[in-house]
Amino acid sequence: MKYTYIITTIVSLVLFSCGKEGLEGPNLNDLYGELNIESTLIIYGDSVSFADQEEVFFSAEFSKIVDWTIKITGISSQSEKIISGKSNSINKNNSLWAGDVTSLPFFSSEDCSVLLSFKNHDDSIFDILNISSQKIYGNGKEVLISDFENGFNPNFTNFFQTTCLKKIEIGNAGEGTKFLRQEGTCDWDWLIGYVDYPKANWYQQEVLSANPDNVYFNIMIYGDSTLSPTNEANSLFKIEFYEDENQDNYYDPNSEDRLDLEFNIDWNGWKMISVRYSDLVLATDPNGGGVNGNAIREPNKVFKVRTLLLANPVSGFAKADVDYIIWSEDSPILEQ
Amino acid sequence: MKTKHTYLFFVFFLSSQLLFSQIDSRVWYDGNSRAMFYRDALAGDLKKSDTTSARSNGEGYTAIDLGIHFNPSKEIEIFSEIRIKNDFGYMWGSGAYVDLRRLSVRGILNDRVSFNLGDIYLKQTEFTLYNNDQELSKYESSVFQSYNDLINYENFYEENYWRTQGIQSNFSYTFYNAIKSLELDGFASRVRGNQWLGKPELLMLGGSSILRLENNIKLAGHYINSFEVQSTSNDSAVYKNPVFNIQASYYKKINNRTYSMKIEGGSSLRSWKKTNGSQQSIEKSQGGYFKFFSKARTKKSTIDLSFKYVDPNFRSAGAQTRRVIYESSPSSYPYFTNNTVLRPVSLMDITTDPNIYNQRLSTVLMNFNPQYGAVNPYGEATPNRAGVSGVYNYIGNFLTGEIKLNLLSEIIGQGTANKRSLLSLGTSVVVRLDKVLKTKNKLNFEISSYLENVSRDGNSIEEIDFHSRLLSAGLSYELFENLKLISGIKTFVSIGNEVGTERDEYDKIIGYSLFNFDSEESIQLIGLQYNFTDDIYFSLQTNTINFVDKMSLDKELKLTRIYFMFNMNL
C-alpha cells in the first residue's frame with residue numbers, strides 16, 4: 001500500500017503541471033486595467049493627395065485592448081471621417097484612409113484635426129493632418145447633373161412661391177464652394193418650389209446604363225429641422241424621374257412612365273441620398289402620369305429629373321439645400 | 001367556495017380510504033408532519049435607522065404530508081403523498097392548501113427487474129449526476145439540525161439524489177464464475193416540460209452498469225445525456241449534454257485494515273445547435289476529467305487521499321447544478337434599509353431559508369457567491385480544477401473527528417494567464433462530554449471550522465487574496481430523558497477580494513464582477529429540543545442573527561428570532 005501513496009503523489013505532481021496555456025474569458029486588464037499609451041499616435045502619409053489615390057494610415061500602441069476612435073475633422077470644411085476599432089494597436093490594417101467621408105460635406109484641400117480617443121477612458125491624443133488634394137469620387141462612369149460650381153443653369157426650369165427662396169450660395173457647400181439654397185414658408189400651398197433638371201442640360205451628357213440595378217441617383221441635401229417652428233422635421237422632399245420611352249424628346253404622361261422618391265428631411269447638415277434606379281416606385285397618380293408607360297425602369301431613357309420641396313402649409317417653414325446631383329454606376333457615389 | 005369543495009372531497013376521500021384501509025390491508029398509510037413558526041424582530045442600529053421596514057415579521061404553518069400506499073398486487077406499489085398545509089393567520093381555509101406532493105408507481109417484473117414511475121430520485125457519480133450539498137452545510141453543529149431538516153425536506157433533497165419525473169428501471173444478475181454479479185440501471189426523465197413561448201422540453205436519459213469480479217475488483221460505466229427537444233418550441237437553440245464515466249475499483253483486507261482504490265475518468269460534450277433560417281451553427285465545448293482515489297480504513301479511523309483533474313470545458317448538468325440560487329429574494333426581510341435595498345442571500349438564508357434553494361437541473365453554470373464557497377462551487381465536478389484532497393476520520397469512544405484538506409489549482413486562468421490557487425480546510429470534532437465527565441445526563445460538545453483561501457498573482461487587477469472562515473460550535477445537554485437544552489453558534493468571516501464571472505446564455509464568460517469582501521456574520525442559538533425519536537422532535541429556540549458588511553456601512557442587519565418547529569418524519 002505504500003506504493004499507492006507514492007503513485008498518488010507522483011500522479012499529482014505530474015498532473016499539477018498539466019496547466020493549459022491561454023486564458024478563459026475576456027482579459028481582465030482589457031476590461032478593468034489602466035490604459036497606458038505605449039506608443040503615441042503617428043500619422044503616416046501627411047500632406048496626402050487623395051486625388052492621386054494616395055492613402056493615409058495611423059499607428060499607436062496601448063497597454064490593453066480598448067475601443068478606440070480616430071476622428072478626422074476638416075478645419076475649414078468641417079467634414080468628418082471616423083475610423084474606429086477594438087485592439088491594442090493601431091496600424092495600417094485597421095486605420096487605412098483613402099479620403100472618403102463619414103459625415104458630409106466632402107473634405108477639401110485643407111488641414112484636418114486628428115483626435116484619437118478611447119471608450120470609457122478620458123485619454124486622448126491630438127494631431128494635425130494636411131490634405132493636399134481631396135478625393136475624387138466616381139469610377140469613371142458617373143454622370144454629373146450639376147454641382148452648381150458654375151452657378152444655376154438658366155435652363156433648369158423652376159418655380160418657387162413668392163414667399164420662398166431659391167439662390168446659389170457660396171461657402172459651406174456640400175461639395176466645392178457653391179450650392180443651391182432652397183427654403184421658405186408658404187401658408188397656402190404644400191409646394192415651396194421645384195427645379196427641373198432636363199437631361200439636355202446636365203453638366204455631363206454621357207448616356208446612362210440601361211440596367212436599372214446598376215444605376216444610382218445621388219443628391220446631397222442640407223437639412224435643418226431646427227429651423228422649423230415646431231423643431232421637428234417639416235420639409236418633405238420629392239424627386240421625380242421622367243422617362244422618354246419613345247425617345248421623342250417629350251414626356252407624355254398618357255403613355256410614358258414617371259418614377260418617384262419621397263422622404264422627410266429629418267436631419268441637420270449635409271447628407272447624401274443615394275437610390276438605386278430599380279428601387280424607385282412608379283408614380284401612382286394617374287393625373288401626374290407614370291402609370292401609362294411600359295412600367296419598365298429604363299434609366300437610359302430619363303428625360304428629366306425634377307426635385308420638389310414641400311411642406312405642410314400649417315406648420316410652414318421648410319428648407320432643403322441641394323448640391324452635387326450626380327448619377328453613378330455600380331454603387332452609390334460615396335462608395336466609389 | 002372552491003376551497004370548501006376541496007375539503008369536502010378530501011373528507012369523503014379520506015374517510016372512504018380509512019374505511020377501506022380497515023378492511024383491506026393492501027392500502028396502508030404513513031406520513032410526515034411539520035409545524036413551524038418563526039418571528040423575526042429588527043434589532044441593533046438598523047432598528048433605529050431603517051424607518052421603512054416593519055419592526056418585526058414572521059410566518060408559520062402546519063403541514064401534513066400524508067402518504068398513501070396501495071398494493072394492487074404484491075409486486076406493485078402505488079404511492080401518493082398529499083400535502084395539507086395551513087398557514088398561520090388565516091381562517092376558514094383561506095390560507096389552506098391541498099397539493100399532490102409526490103406520486104409514483106414502483107414494482108418488480110418477474111422477480112428480476114424493478115421499475116419506478118412518476119416521481120423518482122436519481123443519482124449516479126459525482127461527475128455525471130449528483131446533487132451536491134449546499135455551501136457551509138457540512139461543518140455545522142447538529143444543534144442546527146432543525147433548519148437543515150426543513151431545507152432538505154422542502155426541497156426534496158434526499159442525500160445527494162436529484163428528484164425528477166420519469167421512469168427508472170434496474171436489475172442485477174448473479175453469476176457463479178469469474179464475474180460475481182452484473183447490475184444494470186437505466187432511466188428516462190423529463191427535467192423541464194413545455195413552456196409557453198419558452199425553451200424546449202429538457203429530457204434526460206442515463207444508465208449505469210456495474211460489474212463485480214472476483215478478487216474484489218469492480219468495474220462500472222455510467223452515461224447520462226441531457227438534451228432539449230427542438231420540436232417542442234420555437235426557440236432557435238437546442239441544448240445537448242452527454243457525459244460518460246468509467247470506473248475501476250479494488251479493495252483488499254490486510255490485518256483488520258481495508259485498503260481500497262478507485263480510478264475514474266470520462267468526458268463530456270455540451271452543445272447548443274442554433275438555427276437561423278436555413279443556417280445552422282453550433283456552440284460546442286468538450287472536456288474530460290480524471291480522479292484517483294485511495295482509502296485506508298481501520299476500526300477507528302479512515303484516511304482518504306485523492307487527486308482530480310477536471311477540464312475547464314467539462315460540463316455536466318446533472319453534477320454541476322447548484323442548490324443555492326443567489327438571485328433569490330430571501331424570505332425574511334427581503335428588502336431592508338431606508339433605500340429598500342434587496343437584501344443579498346447571506347449565511348442566515350443559506351442556513352435557515354428553504355425558499356432560496358433550487359430543485360431543477362440547470363443547463364448552464366449557475367451563479368455562485370465566492371464569499372461562501374470558492375474552492376469547489378460546483379462540487380467535485382467543478383470545472384477548471386486540479387489538485388489533491390485528503391480526509392482523515394476518527395471515531396473513538398467519546399470523540400469523533402474529521403479533517404479534510406483540498407489543495408487545488410486552476411488549469412487555465414480566468415481573464416489572465418495567472419491561475420488561482422485554492423485551499424480549503426475543514427475540521428470537526430464531537431466530544432461526548434458525558435462519557436468524559438461520566439455524568440448520567442447526555443452532554444455533547446461539537447466544534448467545527450471551515451477555512452477557504454484563494455490567491456492569484458498578477459497586477460492589481462488580476463491579484464486575488466481572499467480568505468473566509470466559518471466557525472461553528474454547539475452544546476446539547478440532556479435535562480431529563482429526551483429533553484435537551486441546546487445552544488450553538490456559527491460565525492462567518494470573509495475578507496479580501498475575488499473576481500466573479502458573468503456568463504452569456506451559452507455559458508461563455510463575457511465579463512467579470514470585482515468583489516471586495518469584508519463582512520462578519522453570526523447566528524447564535526439557544527433553546528430546548530425534545531426528541532421522541534431521532535426523526536420526531538420539537539425544537540423551541542431563540543436566535544440572534546448578525547450581518548455586517550464593512551464594505552457598505554448601510555448593509556447591516558441584526559435580527560432576533562423566535563423559532564419553533566415540530567418535525568415528524570416516518
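Sequence order for the protein chains is A and B.
Just so you know, we're using my numbering here: the first sequence kicks off at 1 and counts up by one.
Just so you know, we're using my numbering here: the second sequence kicks off at 1 and counts up by one.
Heads up, the beta-carbon is just placed ideally off N, CA and C, and yes, glycines get one too.
All values derive from a computational prediction rather than experimental measurement.
Beta-carbon neighbours of residue i, restricted to chain A and to distances below 9 angstroms
i      : result
T501/B : E24 and G25
I412/B : G19, K20, E21, G22, L23 and E24
Cutoff 7 angstroms; reference residue i; Cβ partners in own chain excluding five residues on either side
i      : result
R297/A : P212, L259, Y277, S278 and L280
F398/B : V431, R432, K435 and V436
V548/B : S519, E520 and E556
S124/A : L115, L116 and S117
K442/B : D434 and E478
Interface flag, residue i vs chain B, CB-CB below 8 angstroms
i     : result
K86/A : no
N29/A : yes
T8/A  : The predicted model places T8/A with a pLDDT of 49, which falls under 50 and marks its position as unreliable, so this point remains unresolved.
Minimum C-alpha distance to residue i - residue among the options
i      : options                           : result
E505/B : S271/B, G207/B, T427/B and L136/B : S271/B
S146/B : K558/B, Y537/B, Y250/B and D549/B : Y537/B
N358/B : T164/B, S114/B, A63/B and Y29/B   : T164/B
V580/B : S73/B, G89/B, I254/B and F127/B   : Not covered by the structure: residue 580/B. The range shown for chain B is 1 to 570.
Q280/B : S267/B, N245/B and A237/B         : A237/B
L116/A : D67/A, L208/A and N294/A          : D67/A
S539/B : I489/B, K253/B, L485/B and N393/B : L485/B
L451/B : N245/B, K442/B and L423/B         : L423/B
G25/A  : S169/B, I510/B and M366/B         : I510/B
S235/A : I221/A, N292/A and L31/A          : I221/A
W327/A : S146/A, Y250/A and N27/A          : S146/A
D224/A : A233/A, Y32/A and F217/A          : A233/A
N72/A  : I65/A, F58/A and G171/A           : Per the sequence shown, residue 72/A should be read as Ile rather than Asn. The shortest C-alpha separation from I72/A is found at F58/A.
S132/A : P154/A, G151/A, E149/A and F107/A : F107/A
K218/B : N453/B, Y250/B and I303/B         : Y250/B
L525/B : Y392/B, Y326/B and L475/B         : L475/B
Sequence-distant residues of its chain with Cβ nearer than 6 angstroms to residue i (five each side left out)
i      : result
F579/B : Lying outside 1 to 570, the shown extent of chain B, residue 579/B is not represented and no answer is given.
F160/A : K166 and G193
F290/B : G265 and Y309
Chain A within 8 angstroms of residue i, Cβ atoms only
i      : result
N497/B : no
Y512/B : yes
P312/B : yes
M551/B : no
Q17/B  : Residue placement at Q17/B cannot be trusted, given a pLDDT of 46 that sits under 50; the coordinates are not used to answer.
Per-residue contacts from residue i into chain A (C-beta, under 8 angstroms)
i      : result
I461/B : L28, N29, Y32 and G33
N384/B : E24
G288/B : Within chain A, no residue comes near G288/B; the closest Cβ sits about 11 angstroms away, beyond 8 angstroms.
I509/B : E24, G25 and P26
A43/B  : Neighbours of A43/B on chain A: none; closest Cβ ~38 angstroms, over 8 angstroms.
Per-residue burial, residue i [other beta carbons within 10 Å of its own, 16 or more giving buried]
i      : result
T340/A : No answer is possible for residue 340/A: the residues shown for chain A start at 1 and end at 336.
L557/B : buried
V114/A : buried
F88/B  : exposed
V48/A  : buried
E214/B : exposed
I75/A  : exposed
S231/B : exposed
T382/B : buried
A572/B : This structure cannot speak to residue 572/B, because chain B is shown only from 1 to 570.
I70/A  : buried
E262/A : exposed
Beta-carbon neighbours of residue i, restricted to chain A and to distances below 7 angstroms
i      : result
G415/B : L23, G25, P26, N27 and L28
Chain-order list of residues whose beta-carbon lies under 8 angstroms from that of residue i (same chain, five-residue window excluded)
i      : result
E201/B : R190, R192, G193, N194, E228, V229, T232 and S233
L109/B : E75 and F115
Heavy atom of the ligand MG within 7 angstroms of residue i beta-carbon
i      : result
N393/B : Judged by which ligands are present, the structure shown has none, so any question about the ligand MG falls away.
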